[in-house]
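Inspection log for the structure reproduced underneath, given as structure tokens.
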Amino acid sequence: HWHTLPPMSNARSRHASIHHNQHLYVIGGRDGQSLLNSVETLDMVGLQWSHLPPLPYPLRWSYPVIVSNELCVLGG
């Protein structure tokens with residue numbers, strides 16, 4: 001069963017994403033012109049997007065994992 005979610009601030013492709021504790025995290029990627037270092041999270045209960053601190057540098061094709069309840073981003 002598919003649902004439409006609210007749009008992110010930045011459309012992106014080649015990003016990483018992971019769901020944890022009722023939040024969807026979308027990390028890095030490409031906006032069609034440049035690589036992104038931004039991180040957005042969607043609260044799956046309230047359906048509101050928020051920005052997290054940016055990555056130290058832009059990433060694409062990275063792999064997010066949760067370790068000890070912390071988001072870690074590998075590769076890219």
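For the sequence shown, full-length UniProt numbering gives the first residue as 1, with consecutive numbering after it. Beta carbons are placed, not taken as given, at the ideal position from N, Cα and C, and that holds for glycine.
Measuring only the C-alpha atoms, how far is residue i from residue j?
i: G75; j: A16; result: 10 Å
i: S34; j: L55; result: 15 Å
i: R12; j: G32; result: 7 Å
i: P58; j: M44; result: 25 Å
i: V39; j: W2; result: 24 Å
i: V26; j: V67; result: 17 Å
i: L5; j: Q48; result: 9 Å
Output the boundary residues of the beta strand (DSSP E) element that contains residue i.
i: D43; result: 39-43
i: P58; result: P58 -> no beta strand (DSSP E), and no H or E assigned at all.
i: W49; result: 48-52
i: W71; result: Looking at the sequence itself, residue 71 is Leu, so the reference to Trp does not match. That run of the beta strand (DSSP E) goes 70-74.
i: S9; result: Here S9 belongs to no beta strand (DSSP E), and DSSP marks it neither H nor E.
i: L24; result: 23-27
In its own chain, which residues sit with a C-beta less than 6 Å from the C-beta of residue i, not counting the 5 before and 5 after it?
i: C72; result: V65
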